[in-house]
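*Asks:* Going by the working numbering, the sequence shown opens with residue -8, and the numbers climb by one from there. Ideal Cβ placement from N, Cα and C applies to all residues, glycine included. One structure is given below, represented as structure tokens, and several questions about it will come after.
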Amino acid sequence: MRRYPLLLLLLASMTLHAATSLRVGSKVLIIGDSAARVLQLMGEPQVRAFKQLQTGGLPSNQLAVGEEWQYLQEGKTIIITVAGGRVVNFETVHD
């Protein structure tokens, strides 16, 4: 019985780590990296979309303008959200 909470905690910590970093070849992108570093490691995105998003430094009733950069790679789409020139989120969607 004691193993289940430990297993859930371990899975949650692995998910949290995966959401804050992205391996690109032998390099790693992390939340907070510059947009220039993303371009350096990933190149130009196939799709760029503007979006409004809530960021940590703004009150809940204010939104910042950001961009979603989409990269198509071997059966998956990597979406990198950039706001204020910095990476604020990673998402991987499997096709």
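Assign GLY16 to one of two classes, buried (16 or more other C-beta atoms within 10 Å of its C-beta) or exposed (fewer than that).
*Replies:* Exposed, because fewer than 16 other Cβ atoms sit within 10 Å of the Cβ of GLY16.
*Asks:* Which of the three DSSP states is assigned to GLN64 in this structure?
*Replies:* Here GLN64 sits in strand by DSSP.
*Asks:* Just curious, the alpha helix (DSSP H) that GLN31 is in, first and last residue?
*Replies:* 26 to 33
*Asks:* Residues in the same chain with beta-carbon distance under 7 Å from PHE41, minus the five sequence neighbours each way, listed in chain order, please.
*Replies:* VAL56, GLU58
*Asks:* Would you report the Cα separation of VAL73 and SER12, rounded to the nearest angstrom?
*Replies:* Straight-line measurement puts the Cα of SER12 at about 14 Å from the Cα of VAL73.
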